[in-house]
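K.L.:
Sharing a structure below in structure tokens format, with a few things to ask.
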Amino acid sequence: MLHFPVFLDLKGRVALVLGTGEVAERKAAILRQAGAEIRFAATFAPALLDGCAIAIGADAADPDLLALAEACRARGIPVNVVDKPALCTALMPAIIDREPMTIAISTGGAAPVLARQVRQRIEAVLPMGLGRVAALADRFKSAVRRRLPDLVARRRFLDAALSGPAADLAMAGREAEAEAAFARALEGADAAPPGIVHLVGAGPGAGDLLTLRALRLLGEADVIVHDRLGTEEVLELARRDAERIFVGKARANHCMKQEEINALLVRLARAGKRVVRLKGGDPLVFGRGGEEAEALAAAGIPCEVVPGVTAALACAAGAGIPLTHRDAARAVTFVTGHRRDGSVDVSGLVRPGQTLAIYMGLTMLREIRDGLVAQGLSPATPAAVVERGGTARQRVLRGTLETIAAEAPAWVQGGPALLLVGEAVGRGSAGWAQPALAA
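Listed below in structure tokens is the structure:
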């Protein structure tokens, strides 16, 4: 974050606009909308800043703009000088006004036109009546606090109410009906709502590969219990004030045992928390989601599973490798590279016309190769290792089962990696890869 965003209360306060012309008039008009009293000047004098809450420099001579910026810095007055970021201590963002809701977009002065384009896109999808929903919530603020003194219960109620019938009525301009619907919902609100755990698949770690449901739940969670995802991008989409608990699971390196994680989820839910258990890939594909769901069910805790893009799908798509192909593979098998005790078992995995997607197999790669070859698979079978698949840091090593077993241990850089084996792997092409990853 280059600049800390903040909103100023300018009602009845003086704003200096230095300069004359169209740009100065535009800036003054925005300040007037915020309730500021405008003080215009063509040239700078220090006395102009007396009593000012903010200063804008536009359409004035460079020496005057420089003097304005230096004087404002000395007095601690926010100053914005149009098209001169180095002189600014405050930036004028592109603004979306849904009073009392205000949305501001800034590029830190790097590309104001881009900020305007983003504003136009947001304007196109935000209902014009959204401000009426915010005003409805404001009118009931005191009543909500009285009825629901517990913060978790209050937040849970507002999450539902501000996306339910009352909000729809407010956006339609039916104020009296909206207030009646909100009041009914508040009367029926649970002052101590039960906790719930959502087992959410984070996919490979790329934020734009999350499902819409996963994104919504990240915004509603009171607590997020997460693994080593390989990227912070998904966590950045979560609610800022949600508690985050790192359980740090990686092979043979768990900062919390599975039984402890199960107990943690139960304890948080019993405290009335809405918990997101964020898991890389899909919760039910080698993610121990089944074990956690069983523990929650045994404790009587409501649980929802939200699917995610599992590693095999993300790695194959990112690397441009087809998992199935009419001429090469009519089946795909997801298999873990080792048993619970660490041993390797590849019996029954060698069949014609299939692709093997082997999770967590890099540490036992040579044993996997030997086992597959002993079962009749040719060491010349096409294979690939995809590290950090589906993310911007993805790397792909292509070859045969034999060459991959020899080269991959020294090639990997410590990220999550998947082994793909089968004739279809040889049909892939980097040109099929996702554009963001192929660039």
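The sequence shown begins at 1 in full-length UniProt numbering and counts up one residue at a time. Glycine included, each C-beta is placed from N, C-alpha and C at the ideal position.
1. Apart from the five residues on each side of it in sequence, which residues of its chain come closer than 6 Å, Cβ to Cβ, to Leu87?
2. Consult DSSP for Ala357 and reduce its assignment to one of helix, strand or coil.
3. Report the residue ranges of all beta strand (DSSP E) runs contained in full by the region 115–171; include only those spanning at least 3 residues, in chain order.
4. Which of the three DSSP states, helix, strand or coil, is assigned to Val425?
5. Could you tell me whether the region 190–202 touches the region 272–288, using the rule of 3 or more Cβ pairs below 8 Å?
6. Helix, strand or coil: which one does DSSP assign to Gly57?
7. Leaving out five residues on either side along the sequence, give the residues of the same chain with a beta carbon under 6 Å from the beta carbon of Asp64.
8. How is Thr391 classed by DSSP in three states: helix, strand or coil?
9. How many Å lie between Ala34 and Ala317 at the Cα?
10. Using three-state DSSP, classify Leu377 as helix, strand or coil.
11. State the beta-bridge partners of residue 440 as determined by DSSP.
12. Excluding the 5 residues preceding and the 5 following Glu37 in the sequence, name in chain order all residues of the same chain whose CB lies nearer than 8 Å to its CB.
13. Who are the near neighbours of Pro100 in its chain, counting only those whose CB is closer than 8 Å to its CB and skipping five residues on each side?
14. Look at the Cβ atom of Gly390, then the Cβ atom of Ala314, and state whether they are nearer than 7 Å.
15. Counting along the chain, where does the beta strand (DSSP E) carrying Glu37 start and finish?
16. For Phe7, is the classification buried or exposed, using 16 other Cβ atoms within 10 angstroms of its Cβ as the cut-off for buried?
17. Alpha carbon to alpha carbon, how far is Gly108 from Pro352? Give it in angstroms, no decimals.
18. For Val412, verify whether its CB is less than 6 Å away from any heavy atom of the ligand MG.
19. Name the residue from Ile103, Thr310, Ala312, Glu292 whose alpha carbon lies nearest to the alpha carbon of Glu304.
20. Quick check on the DSSP output: the alpha helix (DSSP H) that includes Val23 runs from which residue to which?
21. Please name the residue in Lys27, Val421, Asp83 whose C-alpha comes closest to that of Val113.
22. Can you give the Cα-Cα distance for Ala252 and Leu151, rounded to whole angstroms?
P.N.:
A quick look at the data gives this:
1. Ala69, Val81
2. strand
3. none
4. helix
5. yes
6. strand
7. Thr43, Phe44
8. coil
9. 49 Å
10. coil
11. Residue 440 falls outside the range modelled here, since the chain spans only 1 to 439, and no answer is possible.
12. Gly12, Arg13, Val14, Ala15
13. Gly131, Ala134, Ala135, Asp138
14. yes
15. 37–41
16. exposed
17. 57 Å
18. Within the structure as shown, the ligand MG is missing, as the structure has no ligands at all.
19. Glu292
20. 22–33
21. Asp83
22. Annotation note: pLDDT 49 at Ala252 (below 50); position unreliable, coordinate value reported separately. Using only the alpha carbons, I get a separation of about 38 Å.
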